[in-house]
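As structure tokens, the structure follows; a few thoughts come after it.
Number of protein chains: 4
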Amino acid sequence: MRGNVYCGPGRRSWDEVPDPQITDEADAIIRVTATTVCGTDLHILRGDVPSVRQGRVLGHEAVGIVEQVGDGVRTIGPGDRVLVSCVSACGGCRFCREGHPGLCLGGGGWVLGHTLDGMQAEFGKVPFADTSTYQVPAGVTDEEALILADTMPTGYEVGVLKAGVQPGDVVVVVGAGPVGLAAIMGARLFSPSHVVAIDHADRRLEAAKQFGADVIVNNSVTDPLPVVKALTGRLGADVVIEAVGEPDTFELAVRLTRPGARIANVGVHGKPAVLHLEDQWTRDITVTTGLVDTYSIPMLLRLLASQQIETSRFVTHRFDLEDIGQAYDVVSRASETGALKVLLTK
Amino acid sequence: MRGNVYCGPGRRSWDEVPDPQITDEADAIIRVTATTVCGTDLHILRGDVPSVRQGRVLGHEAVGIVEQVGDGVRTIGPGDRVLVSCVSACGGCRFCREGHPGLCLGGGGWVLGHTLDGMQAEFGKVPFADTSTYQVPAGVTDEEALILADTMPTGYEVGVLKAGVQPGDVVVVVGAGPVGLAAIMGARLFSPSHVVAIDHADRRLEAAKQFGADVIVNNSVTDPLPVVKALTGRLGADVVIEAVGEPDTFELAVRLTRPGARIANVGVHGKPAVLHLEDQWTRDITVTTGLVDTYSIPMLLRLLASQQIETSRFVTHRFDLEDIGQAYDVVSRASETGALKVLLTK
Amino acid sequence: MRGNVYCGPGRRSWDEVPDPQITDEADAIIRVTATTVCGTDLHILRGDVPSVRQGRVLGHEAVGIVEQVGDGVRTIGPGDRVLVSCVSACGGCRFCREGHPGLCLGGGGWVLGHTLDGMQAEFGKVPFADTSTYQVPAGVTDEEALILADTMPTGYEVGVLKAGVQPGDVVVVVGAGPVGLAAIMGARLFSPSHVVAIDHADRRLEAAKQFGADVIVNNSVTDPLPVVKALTGRLGADVVIEAVGEPDTFELAVRLTRPGARIANVGVHGKPAVLHLEDQWTRDITVTTGLVDTYSIPMLLRLLASQQIETSRFVTHRFDLEDIGQAYDVVSRASETGALKVLLTK
Amino acid sequence: MRGNVYCGPGRRSWDEVPDPQITDEADAIIRVTATTVCGTDLHILRGDVPSVRQGRVLGHEAVGIVEQVGDGVRTIGPGDRVLVSCVSACGGCRFCREGHPGLCLGGGGWVLGHTLDGMQAEFGKVPFADTSTYQVPAGVTDEEALILADTMPTGYEVGVLKAGVQPGDVVVVVGAGPVGLAAIMGARLFSPSHVVAIDHADRRLEAAKQFGADVIVNNSVTDPLPVVKALTGRLGADVVIEAVGEPDTFELAVRLTRPGARIANVGVHGKPAVLHLEDQWTRDITVTTGLVDTYSIPMLLRLLASQQIETSRFVTHRFDLEDIGQAYDVVSRASETGALKVLLTK
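Chains as they are written, first to last, in my numbering: chain G, 33 to 378; chain U, 33 to 378; chain V, 33 to 378; chain B, 33 to 378.
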């Protein structure tokens with residue numbers, strides 16, 4: 033079959049690779065019908081993720097048709113249309129049993145397109161298939177479901193739920209890329225009084241409005257602090273979600289809070305940040321971090337099936353899977369192209 | 033001044049009564065600009081609430097202008113426009129400090145129009161004014177705020193929050209009177225996948241649709257159980273809110289649940305109900321009861337100010353305060369008149 | 033091999049039965065080194081549990097040595113000493129993934145000694161072995177671990193955790209049988225100010241004292257209400273755990289509460305109970321039911337390993353497995369013999 | 033009367049000062065029978081707290097007898113023995129009503145011995161007396177209650193409760209001064225499997241053992257990381273409580289955690305700390321800060337009354353109030369004198 037192979041820093045190619053084979057009772061082989069490119073894939077391509085070796089088929093997000101399953105797989109079978117989670121769950125370790133497969137100790141976690149071959153290919157193998165794939169209900173399209181493989185659960189679980197968004201809150205989301213937009217869409221599920229989006233790109237801020245932000249601030253030209261203070265009786269935001277991953281934006285996130293606020297970090301950080309404990313030690317704040325577990329996928333599928341969320345809104349560009357090179361190009365120039373999620377279909 | 037006086041079972045009159053006087057440092061006198069009639073007032077009139085004595089001015093819901101305050105009142109003053117909570121909070125007892133003034137041990141709780149003169153009058157006295165009234169923000173009308181005195185917090189706190197409604201839930205509300213409708217409106221704040229309203233009056237079910245129910249069942253003609261099963265993969269509802277107050281509807285509420293569900297009783301009961309522990313002991317259900325505390329008023333005011341809820345939708349009839357007799361008449365024939373909340377203004 | 037076979041109402045025998053065989057990738061065969069008799073086994077013997085067919089090997093609690101595992105079993109292997117949970121977990125269904133295998137939809141739940149052959153035998157087969165057995169740490173005896181198969185998690189999860197026992201609470205436990213005692217021991221983990229045990233047998237009340245009750249009430253001679261009122265400033269108990277399973281004791285449990293209290297039902301009920309909603313609708317109470325999930329086993333093993341709980345205290349009688357007839361006799365006359373848990377070893 | 037007056041950096045004196053006077057309806061005058069010196073008082077003396085002006089009577093912890101109350105005070109009266117909380121609560125602002133008077137917006141918070149005259153004096157005035165004092169139950173001594181004015185609630189609320197200590201947890205407390213010891217004592221209320229105390233003073237570590245630590249590490253000679261790893265199957269601590277207030281100890285606290293852990297900062301920080309988000313962003317950690325609210329005082333009084341905690345253990349030195357100079361000396365040389373809390377009585 034053909035797949036998108038990582039060939040070392042700066043290089044990838046759409047290449048002939050061996051077909052995946054069932055090697056464990058819990059494996060499933062999926063014929064990929066929809067996949068996409070994640071910001072993490074660009075990091076890998078830049079050589080920032082040394083645990084990804086040359087020759088690896090990339091990609092950790094897919095919808096497809098089950099082709100074959102191992103003897104131990106009970107809940108899916110050939111012909112089923114399934115969503116593949118970006119996180120695989122062994123199902124038996126302490127963290128999986130506590131609902132946190134993102135921390136899996138039994139061989140799962142983020143492995144697809146990382147330590148195992150991934151989903152940007154004609155076929156992909158999913159380990160621990162019973163606990164790592166989800167039947168897609170009739171009436172939900174591949175495109176809608178695909179956004180639930182990673183983007184939407186990340187914004188929702190690591191942002192909205194960890195921050196404990198409540199009705200009436202003033203929620204600030206710093207960074208309006210795909211995950212920031214997912215946090216905005218997810219925050220709206222809890223009826224905050226205001227959602228403020230902060231970014232330095234107007235194009236992203238326009239997208240933020242479409243996703244549910246009612247206040248937008250371009251922080252390359254406007255200081256967001258007075259804006260937030262004005263909305264909150266001078267107190268500061270109830271909740272801030274950091275979705276950039278820079279020391280500066282993390283410190284901004286903390287600065288925008290009211291006493292008693294929650295700050296959920298969703299951004300991928302490469303450097304340490306400063307926590308101003310000399311100011312914050314009395315302020316009763318809570319800071320959280322985390323990797324997505326995707327435990328929210330079944331619930332998000334229910335919301336899709338009942339038309340309470342519209343995830344196809346994330347898809348800005350569509351390509352045939354074979355044209356994945358163009359997809360990478362569009363995503364890597366997102367500030368120009370306005371790309372959020374690209375859809376690759378076969 | 034004039035007020036609506038309870039004259040014993042079956043009798044009330046719009047009468048001359050003494051002006052209220054400040055008798056405690058924490059009192060405030062309010063000039064009533066908007067009040068309404070509650071289902072509880074009808075119970076009182078029927079003689080069902082013996083703790084209400086003849087001569088009592090009725091009413092526990094109001095918006096008005098502060099006329100005068102006691103020396104100990106810090107947060108409101110003459111001229112302020114305030115919402116009067118149906119529950120007064122001493123602010124110092126164990127339950128008030130834990131956020132439950134509905135259980136106040138220090139002289140508060142439901143006292144207005146009950147053990148103290150109430151708000152269906154030109155003026156009313158509010159005890160513990162600092163913790164029992166709320167400034168109404170500019171941009172929120174009297175009518176919108178009035179619904180937050182009792183109806184909306186009751187459906188929201190005792191129904192939605194105690195039941196722990198979560199995104200994606202299938203929520204059933206049994207009873208589509210004002211409080212049931214408040215529960216429906218409140219449940220929608222958490223983005224359930226479906227809200228099912230059950231009532232035996234089609235007129236109320238039509239209202240339920242306006243308030244956010246997407247499925248309605250007239251249980252005098254249709255068994256709701258198969259409807260709920262069909263929506264939930266045969267499991268049953270995640271959440272049921274009982275807003276009628278009859279043994280039958282309580283038992284129905286329990287019967288509609290999935291294993292692991294929460295049942296919040298909001299209905300006012302006059303008789304015991306049967307809890308089928310022989311079926312339920314293994315089913316991991318949670319049943320809650322409660323009186324409103326109105327701790328959610330500040331949050332609901334923020335939602336009103338940011339136009340996230342539309343409480344004026346509850347107001348079906350409008351009268352001059354002096355025509356309160358007509359208001360009682362309309363409310364007492366609600367099934368005919370379709371009355372939800374009547375607005376009485378001065 | 034030999035096992036304890038149910039032969040229809042009133043009859044059981046220690047009989048030759050076929051050795052269990054691996055029939056599923058997820059199965060494990062355990063050589064039983066310690067098992068016990070549960071109150072539920074007596075119910076089965078009386079014919080109260082029709083889903084148990086004649087010929088069934090009884091027993092759902094065991095510690096043993098893994099003899100053989102199916103190809104799909106990853107976390108245990110031959111020679112390992114494991115605790116077998118009374119609840120089997122498929123690990124993949126909605127309820128298992130949410131931490132509630134007691135409600136398993138995938139073939140688990142309470143199946144051992146019920147719909148599948150159980151553990152009162154020389155060997156037993158455990159389905160879904162990865163998620164239904166636990167390695168016993170060195171330093172924890174078989175006897176100590178055995179109590180964690182059912183008794184202790186039931187009192188702890190369905191009683192203590194569902195009731196939300198908090199430091200300083202006044203906790204009442206109605207019924208001082210094995211599960212009531214487990215609730216007392218479990219409640220003490222949260223440092224309540226008082227634990228009141230209620231029973232009509234003085235012998236059980238003496239045991240309750242050993243397990244952590246500081247106040248005991250024989251309710252065949254003393255009304256517990258004034259006792260509880262005196263301990264709580266006339267308010268009533270913060271938490272009541274019902275561990276009997278009769279309509280009367282459930283109603284007593286509700287009557288002993290303060291406003292705002294939580295009542296956790298652990299008792300096995302055969303009849304409906306009355307819930308006095310006419311009194312309780314304003315009292316802000318929470319009533320819970322449930323079957324044990326055993327999610328607390330890993331934590332309880334940590335407490336055993338660090339000597340924070342002493343579960344061997346439950347074992348009042350010890351027999352050789354072949355003398356299981358005597359064990360049933362002792363347990364069935366518990367009020368005379370003072371039996372709590374019997375230990376059967378091989 | 034006489035009181036302990038701050039006379040600018042480095043200087044204090046036991047001096048004649050005017051008797052406190054009721055100036056607000058909510059005030060109470062207390063005749064101080066027991067007070068103490070807090071680490072914060074030493075900070076003030078060093079000039080580190082510029083909001084404390086010269087001439088201020090210091091002290092924010094006291095037990096005493098009510099001498100006189102303002103007209104608006106309802107719950108205490110002359111002759112009552114009361115505990116004065118270190119935090120005053122206006123009772124009406126958003127944060128007070130949400131249970132967080134440490135963030136009071138209405139004139140409370142930490143004001144005693146800070147912006148108002150305090151309790152190291154023969155008499156002290158308490159604002160908002162109804163919500164800022166607590167009746168001491170018979171059977172609880174002044175000395176036992178005094179520790180509940182600040183030390184014990186700080187360790188319990190800001191450390192133990194914010195960190196969410198659960199049964200079976202491995203809890204690490206960094207810093208074994210009075211507040212660290214309160215965190216250890218408070219953590220034991222939830223039955224952790226192990227409590228590890230870390231300090232660089234052996235004398236403090238010996239105290240930590242008395243307060244409930246079962247493992248002690250002198251981190252000037254031993255790296256605590258391998259110790260914690262050995263206790264936790266190489267995962268790291270479930271909970272870490274930072275009770276020092278230095279950048280290094282905060283970073284150590286984060287480093288000792290397992291994925292999914294909670295870190296509660298209790299230490300008073302004067303400098304920023306580094307949060308290593310480049311390592312922590314995936315690790316699902318929660319960091320909290322906070323000032324004590326003292327909402328736990330009523331519960332802690334219940335625990336004292338039922339002899340579940342022994343707070344007199346904190347008192348290492350006793351003086352007559354007039355000898356407060358000696359008390360300051362002993363506390364300021366705590367590493368030499370082993371002083372935890374000094375008791376000053378009159």
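The beta-carbon is built from N, C-alpha and C at its ideal position, and this holds for glycine as well.
Check: In terms of residue numbering, what span does the beta strand (DSSP E) encompassing G/L290 cover?
Finding: Checking the displayed sequence, the identity of residue 290 of chain G turns out to be Arg instead of Leu. Run containing G/R290: T289 to N297, per the beta strand (DSSP E) assignment.
Item checked: Inter-stretch contact at 8 Å, needing at least 3 Cβ pairs: the stretch 238-250 of chain U / the stretch 282-300 of chain U -> no
Next item on the list: Could you tell me which residues DSSP pairs with U/F155 in its beta bridges?
Entry: Its beta-bridge partners are U/R63.
Next item on the list: Could you say which of V/A229, V/G244 and V/Q242 lies nearest to V/T254 if we only look at CA atoms?
Entry: V/A229
Check: Which one of V/V211, V/T72 and V/L135 has the shortest CA to CA distance from V/L180?
Finding: V/V211
Checklist line | Boundaries of the beta strand (DSSP E) in which U/S367 is found, first to last residue | finding: Here U/S367 belongs to no beta strand (DSSP E); instead the alpha helix (DSSP H) covers A366 to T369.
Next item on the list: Starting from the beta carbon of G/Q340, find every residue of chain U whose beta carbon is closer than 7 Å, and list them in chain order.
Entry: Those within 7 Å of G/Q340 in chain U are S223 and S225.
Next item on the list: Please name the residue or residues paired with U/N419 in a DSSP beta bridge.
Entry: Residue 419 of chain U lies beyond the stretch modelled for chain U, which goes from 33 to 378, so this question has no answer here.
Next item on the list: Locate the alpha helix (DSSP H) running through B/I76, then write down its first and last residues.
Entry: G71 to L77
Next item on the list: Answer yes or no: do V/P291 and V/R266 have a C-beta to C-beta separation smaller than 9 Å?
Entry: no
Notebook entry, point to check: Under 8 Å from any heavy atom of the ligand NAD, does the C-beta of V/T186 make it?
Noted result: No copy of the ligand NAD occurs in the structure displayed, which carries no ligand at all.
Margin query: So U/G109 contacts chain B; which residues on that side make the cut at Cβ distance below 7 Å?
Written below: Within chain B, no residue comes near U/G109; the closest Cβ sits about 14 Å away, beyond 7 Å.
Margin query: Need the endpoints of the alpha helix (DSSP H) that B/E274 sits in, please.
Written below: Note, B/E274: premise wrong, no alpha helix (DSSP H); beta strand (DSSP E) at A269 to E274.
Notebook entry, point to check: What are the boundary residues of the beta strand (DSSP E) that includes U/K378?
Noted result: No beta strand (DSSP E) holds U/K378; DSSP gives it neither H nor E.
Item checked: Boundaries of the alpha helix (DSSP H) in which U/A1 is found, first to last residue -> The structure shown does not extend to residue 1 of chain U, since chain U is modelled only from 33 through 378, so no value can be given for it.
Next item on the list: Can you give me the Cβ contacts of G/T369 inside the same chain, cut-off strictly under 7 Å, excluding the 5 residues immediately before and after it?
Entry: V362
Next item on the list: Tell me whether the beta-carbon of V/G104 lies closer than 9 Å to the beta-carbon of V/C125.
Entry: No. Outside cutoff.
Next item on the list: Return the Cβ separation of G/G42 and G/L77 in integer angstroms, given the expectation that the two are a contact with Cβ distance under 8 Å.
Entry: 7 Å
Check: What are the uninterrupted segments assigned as beta strand (DSSP E) that are 3 or more residues long and contained completely in the stretch 112-166 of chain G, given in chain order?
Finding: 113-116 and 155-158, all fully within the stretch 112-166 of chain G.
Check: Alpha carbon to alpha carbon, what distance is there between G/Q53 and G/D89?
Finding: One point to set straight first is that residue 89 of chain G is Val, not Asp, in the sequence displayed. Put simply, the backbone Cα of G/V89 is about 14 Å away from that of G/Q53.
Margin query: Let me make sure I understand the geometry here. Which of U/S164, U/D246, U/V168 and U/M217 has the alpha-carbon closest to that of U/V192?
Written below: U/M217
Check: Between G/I62 and G/V95, what straight-line distance do the alpha-carbon atoms span, to the nearest angstrom?
Finding: 8 Å
Check: At least one CB of chain B closer than 9 Å to the CB of U/D162: is that the case?
Finding: It does; some Cβ of chain B falls within 9 Å.
Margin query: Looking at chain B, is there any beta carbon in it that lies within less than 9 Å of the beta carbon of U/P330?
Written below: yes
Next item on the list: Would you mind working out which of V/E189, V/Q167, V/D162 and V/R236 sits nearest V/G379, comparing C-alpha positions?
Entry: Nothing can be reported for residue 379 of chain V: it is not among the residues displayed for chain V, which extend from 33 to 378.
Check: Under 9 Å, do V/I329 and V/S117 count as touching if we go by C-beta distance?
Finding: yes
Check: Apart from the five residues just before and just after G/V324, which ones in its own chain have a Cβ nearer than 8 Å to its Cβ?
Finding: C118, V119, G134, D182, P185, T186, E189 and V190
Margin query: I'd like to know whether the C-beta atoms of U/A195 and U/V203 end up nearer to each other than 9 Å.
Written below: yes
Check: Could you give the distance in angstroms between the alpha-carbon of U/K303 and the alpha-carbon of U/V276?
Finding: 12 Å
Notebook entry, point to check: Using a C-beta to C-beta distance shorter than 8 Å, which residues of chain B count as neighbours of U/E283?
Noted result: Chain B residues near U/E283: none, gap ~36 Å exceeds 8 Å.
Check: At a CB-CB cut-off below 7 Å, which residues of chain V make contact with G/A58?
Finding: G104
Notebook entry, point to check: What residues in the stretch 305-322 of chain V have a beta carbon less than 9 Å from any beta carbon of chain U?
Noted result: A305, V306, L307, H308, L309, E310, D311, Q312, W313, T314, R315, D316, I317, T318, V319, T320, T321 and G322
Next item on the list: Identify whether B/D280 lies in helix, strand or coil by the three-state DSSP scheme.
Entry: helix
Notebook entry, point to check: What are the start and end residues of the alpha helix (DSSP H) that includes B/R26?
Noted result: Because chain B here runs from 33 to 378, residue 26 of chain B falls outside it and cannot be looked at.
Check: Closest to G/T343 by CA distance: which of G/V374, G/L353 and G/Y327 is it?
Finding: G/V374
Check: Got a sec, what are the start and stop residues for the alpha helix (DSSP H) V/E176 sits in?
Finding: D174 to L178
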